[in-house]
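Asker: Okay, here's the structure, questions in a sec.
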Amino acid sequence: MYAWLTVLLFEKGVPDTQTALVSLVQDWFVQNSKSGEVPDESTIRKRLMSLWRKLRGEETV
1 MYAWLTVLLF EKGVPDTQTA LVSLVQDWFV QNSKSGEVPD ESTIRKRLMS
51 LWRKLRGEET V
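Each residue of the sequence shown is one higher than the one before, counting from 1 in the UniProt record's numbering.
Below, the structure is given as structure tokens:
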């Protein structure tokens, strides 16, 4: 997922909102989950929080 996300961010840029980013990642899981299980939105949001803050310049790298 992170490799896909890296390419997406490079090619299309950072989404306008964190919600949009979470939605993109959730869609990726729907399309790529072999078991059909998809993490819930809050879990994805927690995992991406640090990345989101860094992308928005709110945290240093």
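Glycine residues also receive a C-beta, built at the ideal position from the N, C-alpha and C atoms. Values in this document were obtained by computation on a predicted structure and should not be read as measured data.
What number of angstroms, rounded off, separates the C-alpha of Leu55 from the C-alpha of Val14?
Answerer: 7 angstroms
Asker: Report the CB separation of Val30 from Ile44 in whole angstroms; it is logged as a contact under 8 angstroms.
Answerer: Between Val30 and Ile44 the beta-carbon gap is near 11 angstroms, outside 8 angstroms, which marks them as no contact.
Asker: By how many angstroms is the C-alpha of Trp28 removed from the C-alpha of Lys34?
Answerer: 12 angstroms
Asker: Considering only residues of the region 7 to 49, which uninterrupted alpha helix (DSSP H) runs meet the minimum length of 4 residues and lie entirely inside it, listed in chain order?
Answerer: 18 to 32
Asker: Rank Ala20, Pro39, Val7, Glu11 by C-alpha distance to the C-alpha of Trp52 and give the top, closest one.
Answerer: The shortest Cα separation from Trp52 among Ala20, Pro39, Val7, Glu11 belongs to Ala20.
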